[in-house]
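Chains as they are written, first to last, in my numbering: chain W, 17 to 228; chain A, 17 to 228.
In this text, a Cβ means the ideal position worked out from N, Cα and C, and glycines have one as well.
The structure under discussion appears below in the form of structure tokens.
There are 2 protein chains.
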Amino acid sequence: GHEGYYRGDCCFGAFVGILEALRDKVGFPFTQIPAEMMGFGAGGVSGWGTTCGALIGAAAAINLVTEKDLARKIVSELMGLYSVTPFPSETSNNYAANHEFLVTEYKSDKVLPQSVSNSPLCHVSVTEWCKAAGIASKTPERAERCGRLAGDVAAMAAELLNANLATAFVPAFQFSQEAQGCMSCHTLGDNFAAGNFIQGKGECLSCHEPHQ
Amino acid sequence: GHEGYYRGDCCFGAFVGILEALRDKVGFPFTQIPAEMMGFGAGGVSGWGTTCGALIGAAAAINLVTEKDLARKIVSELMGLYSVTPFPSETSNNYAANHEFLVTEYKSDKVLPQSVSNSPLCHVSVTEWCKAAGIASKTPERAERCGRLAGDVAAMAAELLNANLATAFVPAFQFSQEAQGCMSCHTLGDNFAAGNFIQGKGECLSCHEPHQ
Numbered sequence: 017g018h019e020g021y022y023r024g025d026c027c028f029g030a031f032v033g034i035l036e037a038l039r040d041k042v043g044f045p046f047t048q049i050p051a052e053m054m055g056f057g058a059g060g061v062s063g064w065g066t067t068c069g070a071l072i073g074a075a076a077a078i079n080l081v082t083e084k085d086l087a088r089k090i091v092s093e094l095m096g097l098y099s100v101t102p103f104p105s106e107t108s109n110n111y112a113a114n115h116e117f118l119v120t121e122y123k124s125d126k127v128l129p130q131s132v133s134n135s136p137l138c139h140v141s142v143t144e145w146c147k148a149a150g151i152a153s154k155t156p157e158r159a160e161r162c163g164r165l166a167g168d169v170a171a172m173a174a175e176l177l178n179a180n181l182a183t184a185f186v187p188a189f190q191f192s193q194e195a196q197g198c199m200s201c202h203t204l205g206d207n208f209a210a211g212n213f214i215q216g217k218g219e220c221l222s223c224h225e226p227h228q
Numbered sequence: 017g018h019e020g021y022y023r024g025d026c027c028f029g030a031f032v033g034i035l036e037a038l039r040d041k042v043g044f045p046f047t048q049i050p051a052e053m054m055g056f057g058a059g060g061v062s063g064w065g066t067t068c069g070a071l072i073g074a075a076a077a078i079n080l081v082t083e084k085d086l087a088r089k090i091v092s093e094l095m096g097l098y099s100v101t102p103f104p105s106e107t108s109n110n111y112a113a114n115h116e117f118l119v120t121e122y123k124s125d126k127v128l129p130q131s132v133s134n135s136p137l138c139h140v141s142v143t144e145w146c147k148a149a150g151i152a153s154k155t156p157e158r159a160e161r162c163g164r165l166a167g168d169v170a171a172m173a174a175e176l177l178n179a180n181l182a183t184a185f186v187p188a189f190q191f192s193q194e195a196q197g198c199m200s201c202h203t204l205g206d207n208f209a210a211g212n213f214i215q216g217k218g219e220c221l222s223c224h225e226p227h228q
């Protein structure tokens, strides 16, 4: 993941980190999948700051080895865990400080500040980190932070996949009480007047004002 | 796109619509790419309502036939066009009304209301449509709307790719004056105090309150 970020940014990085493990362990057909096809996801999909590219890359890799319904459960769990996890992880920070990642020259080898995004969106995740760190977005430190995050997200995806191999996947992530309150009305449903004009889930109040 | 949505929802649908055209016209290596790997993108990435899955599927297909830098330019343009286009298109509405899509049974064959999202996010796009139509989110009409949108987005991506084959790609999409104002400070940059703590772009004011 981290080394892949250096080669092709977050989405390619998270994808190739898992794909190359599959190529090494399994070989065909994973040797036929061009990792470069996920380059588009960088910067929250080609710079737009929407879904974090590392999530998209990891999600595509998850879906390479699981059928649709299971993939969606695992990806949804990954989105949830991402939202509540402080990035970069301590593990990633230590790898960098000890020069244990697979790159020779580091954008930064400092232990970097951590932040929690409460959102799977790139522009929220990056801004929360920039504000926590007091560091601007076009800096070696912010790029390094996203590289470590790409490694962290690939590792989280691998853990979810391995746990599912051991026993049937059981989602554990839960939204806050507040968000569950929002989503008790604002959800996929057939009653427009009751607020069922939504397709989505998340910590609503991290973007929206609450109403009565 | 539309028929693919019926098989595997928006992300798979937009992806497979382009992929199958490539398989038919070119064959190998596109015959080696499992379209099922994009099933995860449904509902704005596994139901979260983040980036529209049709955009992700079309973006992956664009990146299958273009290298990274060009792919990102074309995908960014697609995100912009998506944000300002009324969906479903008249063309799609007419196809459905005349039963010209590749499905035999329709979720709905009505001419559906159109809406503009001002955003590449699924949950914004769906909610704007539900509100314009007065129709709830878990209905055959809303599903059909997203199926037509998947066809529309695949067609837009194919048009952008074909235009690029004819002559080098030139982006045309422009953000509103307001958003350009936001992004003159809130952009990828190295000056934190000036507001460079962002990675992303979009119609900021469709989610955020303006400030002085």
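* Using DSSP with H/G/I as helix, E/B as strand and the rest coil, what is residue 131 of chain W? -> strand
Do you know whose CA, among A:19, A:215, A:223, lies nearest residue 116 of chain A's CA? A:19
Contact set between residue 54 of chain W and chain A, taken where Cβ atoms lie within less than 9 angstroms
76, 79
Neighbouring residues, chain A, relative to residue 152 of chain W (Cβ below 7 angstroms)
205, 206, 207, 208, 212, 213
Mind listing the chain A neighbours of residue 95 of chain W? Cutoff is C-beta to C-beta under 7 angstroms, in chain order. 61, 62, 64
Practice problem: Return no unless some Cβ of chain W is closer than 7 angstroms to the Cβ of residue 39 of chain A. | Solution: no
Notebook entry, point to check: On the three-state DSSP scale, how would you describe residue 66 of chain A?
Noted result: coil
_Under 8 angstroms, with one C-beta from each stretch per pair, do the region 106-115 of chain W and the region 139-150 of chain W reach the 3-pair mark?_
no
- Message: Please report whether the beta-carbon of residue 23 of chain W lies at a distance below 7 angstroms from any beta-carbon of chain A.
- Response: no
Residue 136 of chain W versus chain A: which residues are under 8 angstroms apart at the beta carbon? 61, 64, 66
Taking a contact to mean a Cβ-Cβ separation below 7 angstroms, would you say residue 27 of chain A touches residue 54 of chain A in this structure? yes
Positions along the region 96-108 of chain A whose CB lies within less than 8 angstroms of some CB in chain W: none
Keeping to the same chain, check which residues put their C-beta closer than 6 angstroms to that of residue 129 of chain A; ignore five residues upstream and five downstream. 148, 149
query = With 16 other CB atoms within 10 Å as the buried threshold, where does residue 47 of chain A fall?
reply = exposed
*For my contact list, residue 118 of chain A and residue 65 of chain A are in at a C-beta cut-off of 8 angstroms; report their separation, rounded to the angstrom.*
Residue 118 of chain A to residue 65 of chain A, Cβ: 27 angstroms. No contact.
Requested in this report: Would you kindly work out how many angstroms separate the C-alpha atoms of residue 190 of chain A and residue 183 of chain W, rounded to a whole number?
Outcome: 50 angstroms
*asked:* Once DSSP output is grouped into helix, strand and coil, what is the label at residue 56 of chain W?
replied: helix
query: So, using beta-carbon positions, are residue 91 of chain A and residue 78 of chain A closer together than 7 angstroms?
result: yes
| task | Report the three-state DSSP secondary structure of residue 46 of chain A (helix, strand or coil). | result | helix
**Asked** Beta-carbon of residue 87 of chain A versus every beta-carbon of chain W: anything under 7 angstroms?
**Response** yes
Grouping DSSP H, G and I as helix and E and B as strand, with all else coil, what is residue 103 of chain A?
strand
task = On the DSSP bridge assignment, give the partners of residue 137 of chain W in chain order.
result = W:67
Measure the CB-CB distance between residue 133 of chain A and residue 140 of chain A and report whether it falls below 7 angstroms.
yes
Review point. So what's residue 203 of chain A in DSSP terms, helix, strand or just coil?
Key: coil
Item to complete: Find the residues of chain B that neighbour residue 218 of chain W, judging by a C-beta separation of less than 9 angstroms, and give them in chain order.
Response: Included in the structure are the protein chains W and A, with no chain B among them.
State the Cα-Cα distance for the pair residue 42 of chain A and residue 201 of chain A, rounded to the nearest angstrom.
-> 45 angstroms
Problem - Same chain, Cβ closer than 7 angstroms to residue 76 of chain W, neighbours up to 5 away in sequence not counted - result: 31, 54
Margin query: Please list, in chain order, the chain A residues whose beta carbon lies closer than 9 angstroms to that of residue 58 of chain W.
Written below: 84, 88
Under a three-way DSSP split, which group does residue 150 of chain A fall into? coil
**Item:** Per-residue DSSP class, three states only, for residue 9 of chain A
**Value:** No statement about residue 9 of chain A is possible, as the shown extent of chain A runs from 17 to 228 and does not include it.
Compare the beta carbon distance of residue 205 of chain A and residue 152 of chain W with 7 angstroms and say whether it is the shorter of the two. yes
| query | Exposed or buried, residue 23 of chain W, counting other C-beta atoms within 10 Å across all chains shown (16 or more means buried)? | reply | exposed
(message) Between residue 47 of chain A and chain W, is any beta-carbon pair separated by less than 7 angstroms?
(response) no
Among residues of its own chain, excluding the 5 on either side of residue 123 of chain W, which ones have a beta-carbon nearer than 6 angstroms to its beta-carbon? 156, 159, 160
- Option in A:72, A:33, A:87, A:112 with minimal Cα separation from residue 180 of chain A: A:87
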